[in-house]
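Number of protein chains: 4
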Amino acid sequence: MRVYELRNKTGLAALSLTERADPRPGPDQVLVKMTAAALNYRDSLVVNGFYPDMPLPLVPLSDGVGRVIAVGENVHRIKVGDRVSGVFDQNWLNGAPPCKNLSLGGDMDGVLAEYVVLDQNGVVHVPEHLTDEEAATLPCAAVTAWNALMAQDQLKPGSTVLVQGTGGVSLFALQFARMAGARVIVTSSSDEKLDLARSMGAAEVINYTRTPEWDQQVLGLTDGKGVDSVIEIGGGNTVPRSINAVRRGGCIHLVGLATGMTAEVFIPSMLVKQIRLQGIYVGSRSMFEQMNEAIDHHKMKPVIDRVFPFEEAIESFRYLAKGSHTGKICIRF
Amino acid sequence: MRVYELRNKTGLAALSLTERADPRPGPDQVLVKMTAAALNYRDSLVVNGFYPDMPLPLVPLSDGVGRVIAVGENVHRIKVGDRVSGVFDQNWLNGAPPCKNLSLGGDMDGVLAEYVVLDQNGVVHVPEHLTDEEAATLPCAAVTAWNALMAQDQLKPGSTVLVQGTGGVSLFALQFARMAGARVIVTSSSDEKLDLARSMGAAEVINYTRTPEWDQQVLGLTDGKGVDSVIEIGGGNTVPRSINAVRRGGCIHLVGLATGMTAEVFIPSMLVKQIRLQGIYVGSRSMFEQMNEAIDHHKMKPVIDRVFPFEEAIESFRYLAKGSHTGKICIRF
Amino acid sequence: MRVYELRNKTGLAALSLTERADPRPGPDQVLVKMTAAALNYRDSLVVNGFYPDMPLPLVPLSDGVGRVIAVGENVHRIKVGDRVSGVFDQNWLNGAPPCKNLSLGGDMDGVLAEYVVLDQNGVVHVPEHLTDEEAATLPCAAVTAWNALMAQDQLKPGSTVLVQGTGGVSLFALQFARMAGARVIVTSSSDEKLDLARSMGAAEVINYTRTPEWDQQVLGLTDGKGVDSVIEIGGGNTVPRSINAVRRGGCIHLVGLATGMTAEVFIPSMLVKQIRLQGIYVGSRSMFEQMNEAIDHHKMKPVIDRVFPFEEAIESFRYLAKGSHTGKICIRF
Amino acid sequence: MRVYELRNKTGLAALSLTERADPRPGPDQVLVKMTAAALNYRDSLVVNGFYPDMPLPLVPLSDGVGRVIAVGENVHRIKVGDRVSGVFDQNWLNGAPPCKNLSLGGDMDGVLAEYVVLDQNGVVHVPEHLTDEEAATLPCAAVTAWNALMAQDQLKPGSTVLVQGTGGVSLFALQFARMAGARVIVTSSSDEKLDLARSMGAAEVINYTRTPEWDQQVLGLTDGKGVDSVIEIGGGNTVPRSINAVRRGGCIHLVGLATGMTAEVFIPSMLVKQIRLQGIYVGSRSMFEQMNEAIDHHKMKPVIDRVFPFEEAIESFRYLAKGSHTGKICIRF
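Chains as they are written, first to last, in our numbering: chain A, 244 to 576; chain B, 244 to 576; chain C, 244 to 576; chain D, 244 to 576.
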């Protein structure tokens, strides 16, 4: 079969299309013929070698979908013909995060391969109304947004959520927050992207290039109280403003680090406002399954920016690096 | 001022329109000129003397809305001109329920009076888009539904909720569950009422006269798993079927006792399914305020069955007793 | 190997010691040489055929401990020489209960056998300071008490807990509640057993034969408020008094049904007091592991009533049926 | 009466003993004759003008105890003769923190006065077994520790807690964590203080001057997993090591800022470890009351370093500033 792999070094130049023997499932495993995959910002960190303790050679990408074409003798959860996605962290099925994570396309081979073998417990069925490309976008970005808003937080109708940007996690967060009846405020540097956000149900939008003090604007939009939750994508440079923009007792979900790896946290504000700063790293299989029920019930559709053929996967990484996309970048096998 | 009161005995015949001196607010109180009120099943229990330890004379009704026309010298939360409702339990502002409740129109005088004096902490502002009659329906039935689904439970998009009937609490529960993105199944004995439920967003409806084994139907509609939550209105006769219809680890919110005061609970099912049977008794001021934000954001409208003038309040109790209404019965002052 | 099994019918007379082929572990399994086992009330239900949908032939007993003497090729959590117990529900590792349980000695063969094969995920290491007999007592009764008090409830120092009786779950509940700094009230019909409870840290004890209105006594001991939590062992006949004895907003953990399978629940009390009646059915592997850390840190010792040799296992069931024991009945291999 | 006040400027030199008219309680207020008070690090921030938006003149100190000698006509929660303490945040009685706090000795006059008038809802009864000086130590430091460990966290027996230092909050945290059956690790620069911590039940102690990489030591003491919770007192300089020392999914309770007002938070660690950084600012009246029940049940005694007479209150601030104390600094009236 054909796979993309980082053989013995990292960097996009080192990512190459190569041949490997077709895999066969062990007694508790399923063999999946991949039909689509999707990229995350994290995948570019992996390809460029910024992921800690990654093994080489490595097949990148955590997100994809395919058909099960064979199953091991002990497999009972899944059957041949099922359409499934792999769970991002193969160790995290339920409950609290495990001591050690085992993420696809990071700690172990990922899904940028024609065939993938996974433990029967490490896959989930995906909603039927989605195309393969759409279904492929869920394992990392969507589960991250779901975990933040629905597992760590308990969003209620009328809650207010601030979503930074319009990347993958952000648009999923907007969609899930709307589904839960929350009021969503979206920030972006692009009016065009803000128009999209508004068309997807954002109650308020802020162009942060025109309004660099967006935290003040958020306070103004919430009677001076601040929002209940922030989906914090910017990281380093945006955390201080998020601390201003969140209400007393509110939660900032640390999801990204687009503007910097280190955040300066002003402790007196954290104390007096009793803020919770919560690191989020995708989520469990159980969260993935709950999310799928919600997506299914609401016939929700992920936003796809562009689809590349399998043969142009390296192009897709270059496109991701440009950062001009809105929604997900996919690969069709 | 004119008030309805049970002077020295109970029973609808004993409820009479009478005169009392106009009340004046103490230093921490507000004086409210009532404009509308609403009835609950509980009010008929009160009027008929089935409410424990009620003082006499007693002005009935917990639910109403009015304008603040005077405030005491220490009042800062509320100002003259505000439109407010009283909190059902004047002792329960926030957090866990207090040791002792103090409910309007039960443990103390209620709102079926032209003027009402309440502690400034015991009132909330009501959503602006609602008429007085609509706003009057919120304090008991709506807060009960909110407490069950949003405080005791943490409904998520895609959760499944079984709502029994189409009375006050039931329709609010349907509306809130929909707002939160849940999938709602409604039972009723009337196809007409089920049509209403469907038009309000119920995903599935069951006529329990045609399908007396509605618990089996609920299992069928949920892949055999059962629902996440039940709004249990029937009480005595319906709890056993609700135990069948709820999923493992699910919750039955005990809200009503329309079919009987005592429920036979089969313990082995409770154990093996790890069911939670949760008694609900309205909710706190804080829940009321959160609910109002949700109602406001969604511009939600309560369902009103009929409005009686103040002078026909006794008629309104008779109409309530017939049980043919759908949604709330109101009184206009 | 020798096993006890119910071959083609139930009843203690049908439980017989027989020979089976020595089992061998599959690739993900471990082979355990059992050294001790323990009995629960539930095991007599199983043996007498009162357990729903049990397969025959069946090896009874969920609780035991042994040494791992062989492991399959994929096993990484466990190694040869480890001392382990099986998890009661082999399907419940973490998080919420699974759709379908798979309990040892009920839904599948249990541990009253010289050798047992289990999935590597279905066993836990047991605290080192315990003897084999002591360790054997944990999987069902101790995890049940832990789940009730530490997972469903969140006991705090100063919380009050009412524990009914001095059977297996009850004494574990007393020990865990004490560990968590709670104040424990124990009921029993025997002064001798109450003396034991007091020596184990019960703050108050009530002999319910001398004080049949023990619910009133509990109210007296809690300034009229009632306790935060009840460990409900009696079931049918005791639930109504537990409803009286628990505080507003408190929780009754349904654990047993010693006095009857059906409880009459008075709904108005459930409503006004906002009581939670929570069915408990043992717990997950993750709860078992957390509990073991607590037992280890506190060097806690289970209370053992009597130990029977493997050859007298049938006697041990008779002794259990008499109901005169305090603490656990064990079997030594 | 005599009070200490900052009249029109801040700084310890501006704190002076002066006379004010004896206060009288309003209809909902109680008049308390103070008998003891206690200092917190926060009080030195107030006196030195580092507390935001503080009004002048201001009587400092949040913590104290006294006897009620008169009550207003509406007062029912409290009676003359009761021994009470003021709640730190007079606005926070229950549930989530209010939009705006109103802290004693910061946002309003505090308790360094012979007589204090407070709202009846703003005081709590204190445990009987405590001396006045001991009882005076509870409102700020003890409630802070309780909120962190028992409200934000849900400490269980066997949980591991890292407590930084041996100041007021730290020793209370050690005591409460022990009460809840947790395993506590304490850090300090002084072997003498660590001996005290050990004598109070710390399972492990680390001298961070001898072991500057105390985070590594904490990992070593927890099988490489890290602790469940950290009581973070140091702030700026210690947060990065706390991030290393806490387990995946664990919680760092931001309580102090002894070593710096700004913490550099490394986002990748926050993400991958899914850490919660939780700002804590004392707690509600309800937490105070729950804590008092626990202190009462366990007959717990606060650690007092030194008691100054009322006339030497300024000396007590100087002593606090030296930072050599262990436990609380009190003032006797």
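Heads up, the beta-carbon is just placed ideally off N, CA and C, and yes, glycines get one too.
Enumerate in chain order the residues of its own chain whose CB-to-CB distance from residue i is below 6 Å, with the five nearest sequence positions on each side excluded.
| i | result |
| --- | --- |
| I538 (chain B) | P370 |
| L414 (chain A) | V546 and G570 |
| V360 (chain B) | P266, P268, Q272 and L274 |
| K516 (chain A) | R491 |
| N251 (chain D) | L299 |
With 7 Å as the threshold, decide whether the Cβ of residue i is near any Cβ in chain A.
| i | result |
| --- | --- |
| C573 (chain D) | no |
| Y562 (chain D) | no |
| S529 (chain C) | yes |
| A614 (chain D) | Any question about residue 614 (chain D) goes unanswered here, given that chain D covers just 244 to 576. |
| A537 (chain B) | yes |
| I474 (chain D) | no |
| G492 (chain D) | yes |
Compare the C-beta of residue i with all C-beta atoms of chain C and state if any pair is closer than 7 Å.
| i | result |
| --- | --- |
| V489 (chain B) | no |
| P400 (chain D) | yes |
| H319 (chain D) | no |
| Q363 (chain D) | no |
Leaving out five residues before and five after residue i in sequence, what residues of the same chain have Cβ atoms less than 7 Å from its Cβ?
| i | result |
| --- | --- |
| F331 (chain D) | S305, S346, L347, P382, C383, V386 and V525 |
| V367 (chain D) | V327, S328, V330, R528, F531, E532 and N535 |
| S559 (chain C) | L282, F551, I572 and I574 |
| R263 (chain A) | M244 and V246 |
| A394 (chain D) | G526 and M530 |
Hey, is residue i's beta-carbon within less than 7 Å of any beta-carbon in chain D?
| i | result |
| --- | --- |
| R484 (chain A) | no |
| Y247 (chain A) | no |
| A506 (chain A) | yes |
| Y284 (chain A) | no |
Less than 7 Å between CB atoms is the rule here; does residue i satisfy it with respect to chain G?
| i | result |
| --- | --- |
| R426 (chain C) | No chain G appears in this structure, whose protein chains are A, B, C and D. |
How close, in whole Å, do the beta carbons of residue i and residue j come, if the pair is a contact with beta carbons under 8 Å?
| i | j | result |
| --- | --- | --- |
| V404 (chain B) | S485 (chain B) | Actually they do not touch by this definition, with Cβ atoms about 12 Å apart. |
| T502 (chain A) | G522 (chain A) | Going by Cβ atoms, the distance from T502 (chain A) to G522 (chain A) rounds to 17 Å, so no, they are not a contact pair. |
| D458 (chain A) | A488 (chain A) | 4 Å |
| Y247 (chain D) | L255 (chain D) | The pair is not a contact, with the Cβ atoms about 11 Å apart (cut-off 8 Å). |
| I474 (chain D) | G493 (chain D) | Not confirmed; about 12 Å, so no contact. |
| L500 (chain D) | G469 (chain D) | In fact, because the Cβ distance is near 22 Å, the residues do not count as touching under 8 Å. |
Are any of the Cβ atoms in chain B nearer than 7 Å to that of residue i?
| i | result |
| --- | --- |
| A445 (chain A) | no |
| P545 (chain A) | no |
| P270 (chain D) | yes |
| I518 (chain C) | yes |
| A423 (chain A) | yes |
| H540 (chain A) | yes |
Within its chain, find whatever has a CB closer than 8 Å to the CB of residue i; leave out the 5 residues flanking it on each side and keep chain order.
| i | result |
| --- | --- |
| K343 (chain A) | N334 |
| E316 (chain A) | P270 |
| I495 (chain C) | S472, V473, E475, V482, S485, I486, V489, I518, R519, L520 and Q521 |
| Y451 (chain A) | T430, S431, S432 and W457 |
Task: beta strand (DSSP E) segments (min. 3 residues) lying fully within the segment 413-452 of chain D - done: Taking only runs of at least 3 residues, the beta strand (DSSP E) segments lying wholly in the segment 413-452 of chain D are 426-431 and 447-450.
Task: Start-end ranges of the alpha helix (DSSP H) lying completely within the segment 464-504 of chain A, minimum 4 residues - done: With a minimum length of 4 residues, the continuous alpha helix (DSSP H) runs that stay inside the segment 464-504 of chain A are 482-488.
TODO: Mind the definition here: the segment 374-392 of chain A touches the segment 413-420 of chain A only if three or more C-beta pairs lie below 8 Å; say whether that holds.
DONE: Yes: the two stretches touch, three or more of their Cβ pairs being nearer than 8 Å.
TODO: State whether the segment 267-286 of chain B contacts the segment 311-326 of chain B, with contact taken as three or more CB pairs (one from each stretch) at a distance under 8 Å.
DONE: Touching, per the Cβ criterion.
Task: Uninterrupted alpha helix (DSSP H) stretches inside the segment 368-394 of chain B (no shorter than 4 residues) - done: Counting whole runs of 4 or more residues, the segment 368-394 of chain B contains the alpha helix (DSSP H) stretches 375-379 and 386-389.
Task: Cβ pair count under 8 Å reaching 3, the segment 437-447 of chain D against the segment 502-511 of chain D - done: In short, these stretches do not touch, since the Cβ pair count stays below three.
Open item on the list: Just to confirm the assignment: which complete alpha helix (DSSP H) runs, minimum length 4, are found wholly within the segment 258-323 of chain D?
Closed with: Taking only runs of at least 4 residues, the alpha helix (DSSP H) segments lying wholly in the segment 258-323 of chain D are 284-290.
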